[in-house]
Structures are given as C-alpha cells and as structure tokens.
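S.K.: Input: one structure, supplied below.
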Amino acid sequence: MIAAENRKQDNLMEKIVSLAKRRGFIYPGSEIYGGLKGTWDYGPLGSELKFNIKQEWWKAMVREREDVVGISASILMNPKVWEASGHTAGFTDPLVECKTCHQRFRADQEDIIKEHENQHKEKKEKTEWTEEKKFNLLVEAKIGVIEGEKNTTYLRGEITQGVHVNFKNVLNSSRLKIPFGIAQIGKAFRNEITPGNFTYRSIEFEQMELQYYIEPDENESMRQYEFWKNLRMDWYKKLGINPDNLRFREHTKDELVHYARAAWDIEYKTPFGWKECEGIHHRGDWDLSRHQQFSKEDMSYFDEAIKEKFIPWVIETSGGVDRAALFFLLDAYSEENDRVILKLHPKLAPYKVAVFPLLANKPQLVEKAREVYKMLKAGNFNVTWDDRGNIGKRYYSQDEIGTPYCVTVDFESLENDDVTVRDRDTAKQERVKIKKLKDCISNKLS
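What follows is the structure in structure tokens.
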C-alpha cells in the first residue's frame, strides 16, 4: 500500500514537470546548451503565474496595510554586509564527495546519499566518501574594469539584508513609527550542492519577505509573532491550497540559529515529503545590532512616546515565489476521466477567460468572437484567444492550464447577442448577454 502511494506521488511530480514544460509554465534553463543544473526559465504561463502570486502577496502584505511599506534593494551589495550578517563565516552546508565518481552531496541528505550508493552497488562498485567539509553557499561575483584588479563581492544569498541596511533610510524618509514593516520581493542566489526536486531547490530563486520591526519586549514580540505566523498560513489557504496539505513545524533546538528566539516553518506535503514553504522567524535585534557594529552607524530607534532609545527586534516572514508556484501547481493538479484540470485559484490563474468562436471557418462567428475578446481585454482581464481544433479540445486545453472560464460565441450569439460561459471546475454552462458579460466575469473572479 505504501509503495503504491509512493509511485502515485512520484507519478504526480512527473506529470507536473511534463505539463510545466509542454504548456509553457517552466522550462529547463538554457536547455539548447545542455542546461545548467538548478536553473529554470519561466515561460508565458509560468511568468503570469509568478506575477499573480507576487501581486497577491504584495496586496496582502503591503497595499492592504497601513504599517508596511515596500523597497527593492540591489542584488549586489558591499561585501561587508555579508560579514555583518554572518554569511561569509557561517552560511554553509556540510559537504561530502564520492571518491568513486567525485560527485558532491550534502552530508545531511541521507536518502540521496543512500540512493547514490545503491547506483554504484548495482555496478558492483564500492563507495567511499571523503570527510565532511563545510561549503559556503554564497555565489561570488567580480566587479571592476581591469582584469586581475577586480573586487570580490557576492550575489545576495538572501534579500533580507537589503531591508536592514536601509532601515534608517526608510525611517527617515517616511512617517512610520514602530511597530512597522518593510516588504520586499526579489532574486537571491545560493551555490547549492545538490539542487533538485524540480524548482524546489535552485541556484537562483525569488523570495518574498517582510521584516517587521517591534519594540524589544518579550510579550509583545510573541504576540506579533503569532499574528504573522497565522496570517501567513491563512494566505495560502485563501488562495486555494488544501489545508490538509499544510502544517506548522517548529524548528528543533539543533536547527535553531543562535540568535533566533523562535522559528516555525509552514510546510507543504509534496510528493517528496513535507517541505518548507515559508519560514516565520523571531530574529531579535541580531540584524540591526550587527550592522551597527560593523558599519559604525547608529541603527537605534527613538520612541517619542516613552522617550527611550532602543534597537528594534525583528519578526520575519520569508517565503519563496518559486516554491509557492510549485506548490500551487501540485495542489491544483487533478484528473477527471480523460480530462486534466489545473484547479488554480482564479486570482492565480494565468488567464482568467478564454474566448472562442464555435467554428473557426465561419467569418461571422470569428468577427463576433473578436469583438467579445477585445471588450474583455479592455476590461483588464487577462484573456486568451483560441480557435484551434474542435470546441471540446479547446475546453480540455484551457482546463489543463487552469483558465477558470471559457466564453464561446455560436450561431445563437449572432441572433440573441449572448454567449456561453463555461466553468472550468464543474464544466457547467450558462448563457449570458454580451452587455452583461464583463460584470458577470468580474463577479465570478471576485
């Protein structure tokens, strides 16, 4: 029974990888040159999906709040930033190398190491490993105009520090008072030893984070921590993730970084196990204190109400855009008879509406359908046009990419000025007057 379930889960992952490439969600990076392990390119539909995820995150975390603003910090930063944050000294993974084939693996990934040993065993080869070493995950970059005199810096290993080094800039250029947050979405880079599980662990990835600054009070900090923890979990549920596939997991003492006062992950039940979707961390005053120490700049906050000066504590929510996209795809995938349906939440679906003429070889139907298409386009819906094959194949094609509604113009439309609106999840159809179509779609999407 367990083996059958494992095969089913492996098959789901294969189906998602296949669908992602075939329908234009995700391609292997630089594929025509053999690719580059741990890199991925997002196609037309994948770009829309990621954009929608980021829009929904920004809306929930910034636009709908009075106490959060956003920034977009540089990918390249002064190398001293990474000294202060502890990345140059401590941003490491344990590494071992196979002496037989010289492939390298993370020493703490026992299942992958066992699988590799079995591969050699099948070839009747003995497997020996090097001693465990520490491997720094920061990706180096060289900047300068003269070869041999270029300076070493790093592609940021996280987007977090770009917020903290701008804490005073944001404070001085706005009217914010503690508690307040700074949000950011952006690319980060890690020299992963063993990238894998499709886009889950990559060298280049996108993060969406909030750094929320609070007074250094234990009770207040834990109140805020619980608030943000639950808010982030609710976000995934509201966007359609099955609650049975989500859980909280507290970091064990040996996982907890030395400065963290609390750390919990929101995990998703993937075909390859429960995996981190987002982390919620109580960082204390570590970040601002370290930047004050290394930069010699005052990073404290003066509270006018109590006439006190202090280094704020930080509550962080840190999620991955790429991981979220993968989990939304996995959760949305379903099969009904011979039909594949990607039941993405309408707010995340790449296209909201598809418009068809019933027959592509009837000019009057095509002309009418084009009018409807242009009208919906002007209504700020992301609309696609499809006149290939028969109507049944078009429905199946749109179901597979997650389009919530299909609008068909038929001969009755020419007489009655109405269309057929089909629901993706139920396949039910209704007739709607064209003049009421925009309002009808808007109501369905809201």
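The sequence shown maps to residues 1384 to 1829 in our numbering. For each residue, glycine too, the CB sits at the ideal point set by N, CA and C.
1. Please report the Cβ distance between GLU1783 and LEU1402, rounded to the nearest whole angstrom; I am assuming they are in contact, meaning their Cβ atoms lie under 8 Å.
2. Taking the C-alpha atoms as reference points, what is the distance between GLU1598 and SER1683?
3. From the DSSP secondary-structure annotation, give me the bridge partner or partners of VAL1479.
4. Which whole-angstrom value is the C-beta distance of LEU1459 and THR1536, which I expect to be below 8 Å?
5. Name, in chain order, the residues that DSSP records as bridge partners for ARG1630.
6. Does GLY1656 pass the burial test, meaning 16 or more other C-beta atoms within 10 Å, or should it be called exposed?
7. Answer with buried or exposed for PHE1710, where buried requires no fewer than 16 other C-beta atoms within 10 angstroms of its C-beta.
8. Determine the DSSP secondary structure at PRO1411, reduced to helix, strand or coil.
9. Can you tell me where the beta strand (DSSP E) with ASN1565 in it begins and where it stops?
10. Could you spell out the range, first to last residue, of the alpha helix (DSSP H) harbouring HIS1547?
11. From the DSSP secondary-structure annotation, give me the bridge partner or partners of ARG1807.
12. If you draw a straight line from the C-alpha of HIS1665 to the C-alpha of TYR1716, how long is it?
13. Indicate the three-state DSSP secondary structure (helix, strand or coil) for ALA1386 in the structure shown.
14. How would you write the range of the beta strand (DSSP E) that ALA1524 sits in, first residue to last?
15. Name the DSSP bridge partner or partners of PRO1830?
16. Could you tell me if HIS1641 is buried or exposed, where buried requires 16 or more neighbouring beta carbons within 10 angstroms of its beta carbon?
17. How would you call ALA1386, buried or exposed, if buried means at least 16 neighbouring beta carbons within 10 angstroms?
18. What is the rounded straight-line gap between the Cα of ARG1615 and the Cα of ILE1663?
19. With a threshold of 8 Å on Cβ separation, who are the neighbours of LEU1742 within its own chain once the five nearest residues in sequence on each side are excluded?
20. Note down the Cα distance separating ASP1822 from ASN1765, rounded to an integer number of angstroms.
21. Applying the criterion that 16 or more other CB atoms from any shown protein chain within 10 Å of the CB defines a buried residue, is SER1825 buried or exposed?
22. Would you please state the rounded distance, in angstroms, between the beta carbons of ILE1694 and TYR1595? I believe it to be under 8 Å.
23. Are there three or more Cβ pairs, one per stretch, closer than 8 Å when the region 1583-1591 is compared with the region 1557-1565?
24. Could you check whether the region 1567-1580 touches the region 1408-1419, counting it as contact only if at least three pairs of C-beta atoms, one from each stretch, sit closer than 8 Å?
25. Mapping the DSSP letters down to three states, classify ALA1707 as helix, strand or coil.
26. So, are the CB atoms of THR1360 and VAL1736 less than 8 Å apart?
27. Is the beta carbon of LEU1713 closer than 8 Å to that of THR1653?
28. Along the beta strand (DSSP E) that carries ASP1686, what are the first and last residues, could you check?
29. Considering only C-alpha positions, which residue in the set ALA1490, ASP1491, THR1510 and PRO1477 is nearest to CYS1484?
30. At the level of alpha carbons, what is the spacing between ARG1839 and GLY1772?
31. For TYR1734, which of helix, strand or coil comes out of DSSP?
32. Output needed for PHE1677: all residues of its chain with C-beta closer than 7 Å, excluding positions within five of it in sequence on either side, in chain order.
33. Count the other CB atoms within 10 Å of the CB of PHE1631; is the residue buried (16 or more) or exposed (fewer)?
34. How about LEU1731 and GLU1439: do their beta carbons lie closer than 8 Å?
35. Could you spell out where the alpha helix (DSSP H) holding LYS1757 opens and where it closes?
36. Per DSSP, what kind of secondary structure is VAL1464 in: helix, strand or coil?
M.R.: Working from what's here:
1. 7 Å
2. 11 Å
3. PHE1488
4. 6 Å
5. GLU1650
6. exposed
7. buried
8. strand
9. Residue identity check: residue 1565 is Ile in the sequence provided, not Asn. First-last of the beta strand (DSSP E) with ILE1565: 1563-1572.
10. 1543-1547
11. Per DSSP, none; premise fails for ARG1807.
12. 34 Å
13. Confidence is the limiting factor: at ALA1386 the pLDDT is only 47, short of 50, which leaves the residue's position unreliable, though a coordinate-based value still follows. Residue state, collapsed to three classes: helix.
14. 1522-1526
15. An answer regarding residue 1830 cannot be provided, because it is not within the stretch 1384 to 1829 covered by the chain.
16. exposed
17. Low per-residue confidence applies at ALA1386: pLDDT is 47, beneath 50, and the placement is therefore not dependable, though the value from the model is reported in the following sentence. With fewer than 16 Cβ atoms within 10 Å of its Cβ, ALA1386 is classed as exposed.
18. 9 Å
19. LEU1748
20. 15 Å
21. exposed
22. Not confirmed; about 15 Å, so no contact.
23. no
24. no
25. helix
26. The shown model of the chain, from 1384 to 1829, leaves out residue 1360, and the question about it has no answer.
27. yes
28. 1684-1686
29. THR1510
30. Residue numbering for the chain in the displayed model covers 1384 to 1829; residue 1839 lies beyond these limits and cannot be assessed.
31. coil
32. LYS1463, GLU1466 and ALA1467
33. exposed
34. yes
35. 1746-1761
36. helix
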